[in-house]
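Asker: From first to last, the protein sequence lines are chains Y and B.
With the first sequence counted from 1, adding 13 to any position gets you the working numbering.
With the second sequence counted from 1, adding 13 to any position gets you the working numbering.
2 protein chains.
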Amino acid sequence: MTINHQIRLAARPMGLPKDSDWQRTEEPMPEPAEGQFLVKVLYLSLDPAMRGWMNDGKSYIPPVGLGEVMRAGAVGKVIASKHPKFSVGEVVVGTFGVQEYALSDGRAVNKIDPGLAPLPVWLGTLGMPGMTAYFGLLEVGEAKAGETVVVSGAAGAVGGVVGQIAKIKGCRVVGIAGGADKCRYAVEEMGFDACIDYKAEDVKTALKQHCPKGIDVYFDNVGGDILDAALTQITRGARIVICGAISQYNNTTPVKGPSNYMSLLVNRASMKGMVVFDYADRYAIAGREMAGWLVAGKLKSREDIVEGLQTFPETLLKLFKGENTGKLVLKVADDHE
Amino acid sequence: MTINHQIRLAARPMGLPKDSDWQRTEEPMPEPAEGQFLVKVLYLSLDPAMRGWMNDGKSYIPPVGLGEVMRAGAVGKVIASKHPKFSVGEVVVGTFGVQEYALSDGRAVNKIDPGLAPLPVWLGTLGMPGMTAYFGLLEVGEAKAGETVVVSGAAGAVGGVVGQIAKIKGCRVVGIAGGADKCRYAVEEMGFDACIDYKAEDVKTALKQHCPKGIDVYFDNVGGDILDAALTQITRGARIVICGAISQYNNTTPVKGPSNYMSLLVNRASMKGMVVFDYADRYAIAGREMAGWLVAGKLKSREDIVEGLQTFPETLLKLFKGENTGKLVLKVADDHE
Numbered sequence: 014m015t016i017n018h019q020i021r022l023a024a025r026p027m028g029l030p031k032d033s034d035w036q037r038t039e040e041p042m043p044e045p046a047e048g049q050f051l052v053k054v055l056y057l058s059l060d061p062a063m064r065g066w067m068n069d070g071k072s073y074i075p076p077v078g079l080g081e082v083m084r085a086g087a088v089g090k091v092i093a094s095k096h097p098k099f100s101v102g103e104v105v106v107g108t109f110g111v112q113e114y115a116l117s118d119g120r121a122v123n124k125i126d127p128g129l130a131p132l133p134v135w136l137g138t139l140g141m142p143g144m145t146a147y148f149g150l151l152e153v154g155e156a157k158a159g160e161t162v163v164v165s166g167a168a169g170a171v172g173g174v175v176g177q178i179a180k181i182k183g184c185r186v187v188g189i190a191g192g193a194d195k196c197r198y199a200v201e202e203m204g205f206d207a208c209i210d211y212k213a214e215d216v217k218t219a220l221k222q223h224c225p226k227g228i229d230v231y232f233d234n235v236g237g238d239i240l241d242a243a244l245t246q247i248t249r250g251a252r253i254v255i256c257g258a259i260s261q262y263n264n265t266t267p268v269k270g271p272s273n274y275m276s277l278l279v280n281r282a283s284m285k286g287m288v289v290f291d292y293a294d295r296y297a298i299a300g301r302e303m304a305g306w307l308v309a310g311k312l313k314s315r316e317d318i319v320e321g322l323q324t325f326p327e328t329l330l331k332l333f334k335g336e337n338t339g340k341l342v343l344k345v346a347d348d349h350e
Numbered sequence: 014m015t016i017n018h019q020i021r022l023a024a025r026p027m028g029l030p031k032d033s034d035w036q037r038t039e040e041p042m043p044e045p046a047e048g049q050f051l052v053k054v055l056y057l058s059l060d061p062a063m064r065g066w067m068n069d070g071k072s073y074i075p076p077v078g079l080g081e082v083m084r085a086g087a088v089g090k091v092i093a094s095k096h097p098k099f100s101v102g103e104v105v106v107g108t109f110g111v112q113e114y115a116l117s118d119g120r121a122v123n124k125i126d127p128g129l130a131p132l133p134v135w136l137g138t139l140g141m142p143g144m145t146a147y148f149g150l151l152e153v154g155e156a157k158a159g160e161t162v163v164v165s166g167a168a169g170a171v172g173g174v175v176g177q178i179a180k181i182k183g184c185r186v187v188g189i190a191g192g193a194d195k196c197r198y199a200v201e202e203m204g205f206d207a208c209i210d211y212k213a214e215d216v217k218t219a220l221k222q223h224c225p226k227g228i229d230v231y232f233d234n235v236g237g238d239i240l241d242a243a244l245t246q247i248t249r250g251a252r253i254v255i256c257g258a259i260s261q262y263n264n265t266t267p268v269k270g271p272s273n274y275m276s277l278l279v280n281r282a283s284m285k286g287m288v289v290f291d292y293a294d295r296y297a298i299a300g301r302e303m304a305g306w307l308v309a310g311k312l313k314s315r316e317d318i319v320e321g322l323q324t325f326p327e328t329l330l331k332l333f334k335g336e337n338t339g340k341l342v343l344k345v346a347d348d349h350e
């Protein structure tokens, strides 16, 4: 009998998730019923948004229930099928959860072409983070050639793609990231015009220096003091895209709201929230364009791959400690097994 | 010799402006040079924005310099003219300052028809506050029939007009104001569907009760905790218009940013700042429509008129203490003198 190892949410965390907030369970590998197929999970996507899914309360998606397998995007392979449209051997991406095997009825599952890009890329640049970057920058942020785009979390899965797309579109791009290595990666590997190390520099001063004409689009992944610093440097009519606020997700005190929000008034600027799911009907179009850029070498994808389902609790924390560069992925099994 | 009494900015206030932040001066009434005319000031507009003009630092308009006559919008009468387009006896509105007589070259000065509405109305419903309400609600907030509009400072010069225009446009309108009298005025006189007394009620609970379908447009004049409460009740795609933040203008501590701003993400909502001057080329169009509503009795204008130029320092404080209902106007001289 094959065992399905799983990680379930055991408690709603206060602050950073602790090991005791998780429960490790084992079940027999399930068998598909009529209309279902069985996926062997290969790679799991680890995302800052997961922290929000662990909280109770209304959000853009229901919370993960206590005792439920933790929600996670994943790439896997169909290993058994009683579904007319999914066949054994096909590689799929979907919300399969933090486990080794998942049943699916095919809803919100997409087939991918493993020949186009390595599997982990489908969780990053060609997955939700890439789609978030694409639609957030171009649709919500309305970035145009010649404008200055600033992105925080610049070495992360979303931020790195935001900056690269902005460069492709002819913008001046300034990243904000934590540490010299991440900044070097943003400038030297991803072609950003500049990258501010918020751990070593005064962000407001550095933004003033690197954005002499001000910030036209600020793509915010972090919130907190960095959002406040960006607000001081926006141009008239600037757009702030609220994609995330990782600096605030593990707060045990109230979220720090942007003190400088009245800069929106002075500058007739807007701050707009986004959720990538709203663009689902256009993922395919964006995906084709992004894949083209990848193949042409205009867009570089980087993944930070950690092995082992059981490392999930501590690996997730890398996101909140700023320890990952590129898309954080958990490898659960080998593709070729 | 006729004396021109003036009130000048003597010091940049910390917190609420004190009497010592002002200087009372006297000068001979000036005489117009070629291309100028002399205005006798009749009514002065007292606005929350004045507090911002007293601070140093970059904003949407330069600060009032120390020693300068305090900036103020006003209605006055032309009493001497060497300007080809302005004649003695004409009634004009412009930024004439806190003084009895002002010289003007005609720039940014408009003639008004005193037969259409009493003079103070030209500083309120037919003046900047009315224009702010009109363009803020309809252009920035994009309020549509059937939507729920919430406005803070509901008994103030801007808020009252926002709510009434929203009613004219077929919206459900909920005001937020301080005190039972202001709320009664909003509901009984201005036709709001409901008005929340923030001094007596929990704003979040009351918003939930009065906005069962959530808030589609929140027009914010106050900032602080009320903005935070509104953020918890917005609908998907809601628009928050940032018009002012009177609760924060006299802070000696940092501005309280909206802690609940991540509701913008969850709800794909936007928060957008506005400055009425941007709509100057369409004031006339809006003014005609508003005047039509006034004449038809669909729009009620209320002014809180205090007499005497010398009372300016303490009268201004009524705004920050929430003591005015309707547009706060300082009467400087009689129209018929």
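For each residue, glycine too, the CB sits at the ideal point set by N, CA and C.
Identify the contact partners of A282(Y) in chain B, using a Cβ-Cβ distance below 8 Å as the criterion.
Answerer: Walking along the first sequence from the start, residue 282(Y) turns up at place 269. K285 and G286, listed in chain order.
Asker: State whether the stretch 109-117 of chain Y contacts the stretch 131-139 of chain Y, with contact taken as three or more CB pairs (one from each stretch) at a distance under 8 Å.
Answerer: At 8 Å Cβ cutoff, the stretches do not touch.
Asker: Is it buried or exposed for N280(Y), if we count other Cβ within 10 angstroms and need 16 for buried?
Answerer: Within the first sequence, residue 280(Y) is the residue found at index 267, counting from 1. By the 10 Å Cβ count, N280(Y) comes out buried.
Asker: Just verifying my parser: in three-state terms, what is the DSSP assignment at K344(Y)?
Answerer: For this step, residue 344(Y) is matched to residue 331 along the first sequence. K344(Y) carries a strand assignment under DSSP once its states are collapsed to helix, strand and coil.
Asker: Assign N68(B) to buried or exposed, taking buried as 16 or more other Cβ atoms, counted over all protein chains shown, within 10 Å of its Cβ.
Answerer: In the second sequence, the residue the question calls residue 68(B) occupies position 55. So N68(B) ends up on the exposed side.
Asker: Any residues in the stretch 217-240 of chain Y with a beta carbon nearer than 8 Å to a beta carbon of chain A? Which ones, in chain order?
Answerer: Judged by its chain identifiers, the structure shown contains no chain A, and its protein chains are Y and B.
Asker: Please report the straight-line C-alpha distance between G204(B) and E302(B), rounded to a whole angstrom.
Answerer: Position 191 of the second sequence, counted from the start, is the residue given in the question as residue 204(B). Position 289 of the second sequence, counted from the start, is the residue given in the question as residue 302(B). Spanning the two alpha carbons is a distance of roughly 19 Å.
Asker: Residues of chain Y with a CB under 7 Å from the CB of P259(B): which are they?
Answerer: As a working note, residue 259(B) is residue 246 in the second sequence. The residue you asked about is not Pro; residue 259(B) is Ile in the sequence shown. Near I259(B) there are no residues of chain Y at all, since even the closest Cβ is about 11 Å away, more than 7 Å.
Asker: Within 10 Å of its beta-carbon, does P145(Y) have 16 or more other beta-carbons around it, so buried, or fewer, so exposed?
Answerer: Position 132 of the first sequence, counting from 1, holds the residue named residue 145(Y). The question names Pro, but residue 145(Y) in the sequence shown is Thr. Flag for T145(Y) reads buried.
Asker: Under a CB-based cut-off of 9 Å, is P271(Y) close to chain B?
Answerer: For the purposes of this step, residue 271(Y) is identified with residue 258 of the first sequence, where counting begins at 1. Yes, P271(Y) counts as interfacial toward chain B.
Asker: Starting from L277(B), trace the alpha helix (DSSP H) both ways and give me its first and last residue.
Answerer: Translated into the one-based positions of the second sequence, residue 277(B) becomes position 264. From DSSP, the alpha helix (DSSP H) with L277(B) extends over S276 to V279.
Asker: Give the single residue among D194(B), P142(B), V162(B) and K90(B) whose Cα lies nearest to the Cα of S117(B).
Answerer: Locating residue 117(B) in the second sequence gives position 104, counting from the first residue. Checked all of D194(B), P142(B), V162(B) and K90(B); the closest Cα to S117(B) is K90(B).
Asker: DSSP three-state label for P125(Y), please.
Answerer: Against the first sequence, residue 125(Y) aligns to sequence position 112. Note that residue 125(Y) is Ile in the sequence shown, not Pro. Here I125(Y) sits in coil by DSSP.
Asker: Measuring alpha carbon to alpha carbon, tell me which residue in L29(B), R84(B), Y274(B) and S100(B) is nearest L244(B).
Answerer: Taking the second sequence and counting its residues from 1, the one referred to as residue 244(B) is at position 231. The option with the nearest alpha carbon to L244(B) is Y274(B).
Asker: Using CA atoms only, rank isn't needed, just tell me which of L79(Y), G107(Y), L332(Y) and T161(Y) is closest to K221(Y).
Answerer: For the purposes of this step, residue 221(Y) is taken as residue 208 along the first sequence, with counting starting at 1. If we check each option's Cα against that of K221(Y), T161(Y) comes out closest.
Asker: Does the structure place the stretch 59-76 of chain Y close enough to the stretch 18-29 of chain Y that three or more beta carbon pairs sit under 8 Å?
Answerer: yes
Asker: Cα separation between T218(B) and Q246(B)?
Answerer: Here residue 218(B) corresponds to residue number 205 of the second sequence, with the count starting at 1. Here residue 246(B) corresponds to residue number 233 of the second sequence, with the count starting at 1. The alpha-carbon atoms of T218(B) and Q246(B) are separated by roughly 10 Å.
Asker: Answer with yes or no whether the minimum CB distance from P26(B) to chain Y is below 9 Å.
Answerer: Within the second sequence, the letter at position 13 stands for residue 26(B). No - not a single Cβ of chain Y is within 9 Å of the one on P26(B).
Asker: Does DSSP put T218(Y) in a helix, a strand or coil?
Answerer: Translated into the one-based positions of the first sequence, residue 218(Y) becomes position 205. The answer is helix: DSSP assigns T218(Y) an H, G or I state.
Asker: By DSSP, does K53(B) sit in helix, in strand, or in coil?
Answerer: Along the second sequence, one-based indexing puts residue 53(B) at 40. Strand.
Asker: For V308(B), tell me which candidate among G78(B), L139(B) and I74(B) has the shortest Cα-Cα distance.
Answerer: One-based indexing of the second sequence puts residue 308(B) at position 295. The residue with the shortest Cα to Cα distance from V308(B) is L139(B).
Asker: Using the beta-carbon of each residue, which ones in chain B are nearer than 8 Å to P6(Y)?
Answerer: Lying outside 14 to 350, the shown extent of chain Y, residue 6(Y) is not represented and no answer is given.
Asker: Does any C-beta atom of chain Y lie closer than 9 Å to the C-beta of D206(B)?
Answerer: As a working note, residue 206(B) is residue 193 in the second sequence. For D206(B), the answer is no, since every Cβ of chain Y falls outside 9 Å of its Cβ.
Asker: Check this for me: beta carbons of I20(Y) and R37(Y), under 9 Å apart or not?
Answerer: Taking the first residue of the first sequence as 1, we reach residue 20(Y) at position 7. Taking the first residue of the first sequence as 1, we reach residue 37(Y) at position 24. For I20(Y) and R37(Y), yes; Cβs fall inside 9 Å.
Asker: If we ignore side chains and look at the alpha-carbon of each, how far apart do I318(Y) and L240(B) end up?
Answerer: Along the first sequence, one-based indexing puts residue 318(Y) at 305. Along the second sequence, one-based indexing puts residue 240(B) at 227. Roughly 42 Å between the two C-alpha positions.
Asker: Is V326(Y) helix, strand or coil when you go by DSSP?
Answerer: As a working mapping, residue 326(Y) is identified with position 313 in the first sequence. Correcting the residue identity first, residue 326(Y) is Pro in this sequence and not Val. In the structure shown, P326(Y) sits in a helix (DSSP, three-state: H, G or I).
Asker: Tell me where the beta strand (DSSP E) around F109(Y) begins and ends.
Answerer: Start at 1 with the first residue of the first sequence, and residue 109(Y) comes out as number 96. That residue, F109(Y), is in no beta strand (DSSP E); it is neither H nor E in DSSP.
Asker: Roughly how many whole angstroms lie between the Cα atoms of V235(Y) and M141(B)?
Answerer: For the purposes of this step, residue 235(Y) is taken as the residue at position 222 of the first sequence. For the purposes of this step, residue 141(B) is taken as the residue at position 128 of the second sequence. Using only the alpha carbons, I get a separation of about 37 Å.
Asker: Could you check whether the stretch 40-49 of chain Y touches the stretch 101-108 of chain Y, counting it as contact only if at least three pairs of C-beta atoms, one from each stretch, sit closer than 8 Å?
Answerer: At 8 Å Cβ cutoff, the stretches do not touch.
Asker: Should P97(B) go down as buried or exposed, given a rule of 16 or more other Cβ atoms within 10 Å for buried?
Answerer: The sequence position of residue 97(B) within the second sequence is 84, counting from 1. Exposed, because fewer than 16 other Cβ atoms sit within 10 Å of the Cβ of P97(B).
Asker: Determine the chain B residues that contact L277(Y) at a beta-carbon separation under 8 Å, and present them in chain order.
Answerer: Translated into positions along the first sequence, residue 277(Y) becomes position 264. Chain B residues near L277(Y): I255, M284, K285 and G286.
Asker: Is S72(B) close to chain Y, meaning its C-beta is less than 9 Å from at least one C-beta of that chain?
Answerer: By 1-based counting over the second sequence, the position of residue 72(B) is 59. Yes - at least one Cβ of chain Y is within 9 Å of the one on S72(B).
Asker: Could you give the residue range of the beta strand (DSSP E) that holds L22(Y)?
Answerer: Locating residue 22(Y) in the first sequence gives position 9, where the first residue counts as 1. I16 to L22 is the extent of the beta strand (DSSP E) around L22(Y).
Asker: How long is the line joining the alpha carbons of G159(B) and G250(B), rounded to whole angstroms?
Answerer: Within the second sequence, residue 159(B) is the residue found at index 146, counting from 1. Within the second sequence, residue 250(B) is the residue found at index 237, counting from 1. Computed Cα separation, rounded: 15 Å.
Asker: So the candidates are N123(Y), L150(Y), K340(Y) and A190(Y); which of them puts its Cα closest to the Cα of K313(Y)?
Answerer: Counting from one through the first sequence, the residue named residue 313(Y) turns up at place 300. The shortest Cα separation from K313(Y) among N123(Y), L150(Y), K340(Y) and A190(Y) belongs to K340(Y).
Asker: Within the continuous beta strand (DSSP E) that includes A190(Y), where are the two ends?
Answerer: Translated into the one-based positions of the first sequence, residue 190(Y) becomes position 177. Counting along the chain, the beta strand (DSSP E) containing A190(Y) begins and ends at R185 to A190.
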